[in-house]
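These notes are about the structure you will find just below.
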Amino acid sequence: MSISENLSQIEAGIAAACQKSGRSRETVQLVAVSKTKPNEAIAEAIEAGQTHFGENKVQELVAKNPVFPNHINWHLIGHLQTNKIRKALPFCSLLHTLDSVDLADKADRISAELGIRTEALIQVNIANDEAKFGFSAEETECALDHLLSRENLKIRGLMTIPAFDPDPEITRVHFANLRSLRDRLEHISGHSLSELSMGMSHDYHVAIEEGATLVRVGSSIFGSRG
Ligand SMILES: *Cc1c(COP(=O)(O)O)cnc(C)c1O
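Below, the structure written as structure tokens:
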């Protein structure tokens, strides 16, 4: 199948999941994860109407962004090392991986120096997985006031990457937990955290049922990554 056929299929899947959960289609944004894929593949997706792309490496984000028109949005979905903040931020419409207070403080300071506001999601290690980056639920709550008061960061919501499980029903509880954490944090902070970035190729439909507003889908669009 071609990239545009794959995109149509994902679009149908997103629409079905929205309908099943009584949500309107506009509440979910598809982020096409183009990591390791060539510019030709991205151009094909843009041709088919896709406008949001996700990359996990700064090097690749910075190389690909300038090739494409300005209206294309680039999401950084991989861990950001502090020595690459300055390079990455000008090319990044949404940083999904704000995973430490140190990163937040440095991104805030560098955004000020660059004269930009950085939109970001707090990465939450919702399942307390040893191998994953991110704040635990408790750490998120403790750091929230500090993160929300960084002048040059705009915290839009939460993101999570649960450990892979071939059965999306196993992962569902982590998505539900991220959503209820978000609801609680909104309540205690009085601040809107409207975005929930969760769900990938094999489980985006379940993530949407649990409230995802951004789904990060790679291999189902561009094929497997060697
Ligand atoms: C690679 C990646 C994805 C996309 O995964 P697929 O299974 O190919 O859809 C989503 N989120 C993150 C953080 C990734 O690194």
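Residue numbers (the numbering used here): 809 to 1034.
Note that beta-carbon positions come from the ideal geometry of N, C-alpha and C, so glycine has one too.
Remember, it's a predicted structure, so these values are computed and weren't measured experimentally.
Could you tell me if residue i is buried or exposed, where buried requires 16 or more neighbouring beta carbons within 10 angstroms of its beta carbon?
i, result
"LYS962", "exposed"
"ILE996", "exposed"
"THR948", "buried"
"SER1000", "exposed"
"HIS883", "buried"
"GLN858", "buried"
"SER1028", "buried"
"GLU938", "exposed"
"ILE936", "Looking at the sequence itself, residue 936 is Asn, so the reference to Ile does not match. Result: exposed."
"GLY1026", "buried"
"ARG990", "buried"
Please identify the residue among the options whose C-alpha is closest to the C-alpha of residue i.
i, options, result
"ARG925", "LEU956, CYS950, ASP975", "LEU956"
"MET1006", "SER829, VAL836, ILE811", "VAL836"
"MET967", "ARG894, ILE978, ALA1015, ASP953", "ALA1015"
"GLU863", "ILE811, PRO877, LYS845", "LYS845"
"THR1106", "ASN960, ASP991, HIS1013, GLU959", "In this structure the chain extends from 809 to 1034, so residue 1106 is not present and cannot be described."
"VAL808", "MET1008, GLY1031, ASN960", "Here the chain comprises residues numbered 809 to 1034, so residue 808 is not present and cannot be evaluated."
"LYS895", "ASN873, ASP1011, GLU1018", "ASN873"
"ALA853", "VAL909, GLU813, GLU834", "GLU813"
"ASP910", "ALA823, GLY942, HIS1010", "GLY942"
"GLY886", "SER1028, SER842, HIS879, ARG917", "SER842"
"PRO877", "ARG964, SER944, GLU938, ALA851", "ALA851"
"LYS892", "VAL981, VAL870, ILE880", "VAL870"
"ALA920", "GLU959, GLU994, ARG831", "GLU959"
"GLY821", "THR890, ASP916, ASP1011", "ASP1011"
"ARG831", "ARG1033, GLU819, GLY1019, VAL866", "GLY1019"
"PHE1058", "ALA824, GLU834, ASN847, GLN827", "Since the first residue shown for the chain is 809 and the last is 1034, residue 1058 is missing from the structure and cannot be characterised."
"ASP913", "ASN933, ALA951, GLU834", "ALA951"
"GLY998", "ASN933, GLN817, PRO976, GLY965", "GLY965"
"THR1021", "ALA823, GLY1034, ASP953", "ALA823"
"HIS982", "ALA945, VAL1025, HIS954", "ALA945"
Kindly examine ligand 3 and report whether one of its heavy atoms sits closer than 6 Å to the Cβ of residue i.
i, result
"MET1006", "Within the structure as shown, ligand 3 is missing, the only ligands being ligand 1."
In chain order, which alpha helix (DSSP H) runs of at least 4 residues are fully inside the region 922–974? Those alpha helix (DSSP H) runs which fall completely within the region 922–974 and span 4+ residues are 945–956.
Does the pairing of the region 917–931 with the region 970–981 give three or more beta-carbon distances under 8 Å? Taking 8 Å as the limit for Cβ pairs, the verdict is that the region 970–981 does not touch the region 917–931.
Which full runs of the alpha helix (DSSP H) of 4+ residues lie inside the region 820–859, going along the chain? As far as the region 820–859 is concerned, its whole alpha helix (DSSP H) runs of at least 4 residues are 847–855.
Determine, using beta-carbon pairs with one atom in the region 928–943 and one in the region 893–908, whether at least three such pairs fall under 8 Å. The region 893–908 and the region 928–943 touch, with three or more beta-carbon pairs separated by less than 8 Å.
Taking only runs of the alpha helix (DSSP H) that begin and end inside the region 892–921, which ones reach a length of at least 4 residues, in chain order? Runs of the alpha helix (DSSP H) inside the region 892–921: 893–896.
Alpha helix (DSSP H) segments (min. 4 residues) lying fully within the region 856–892: Runs found: 866–872.
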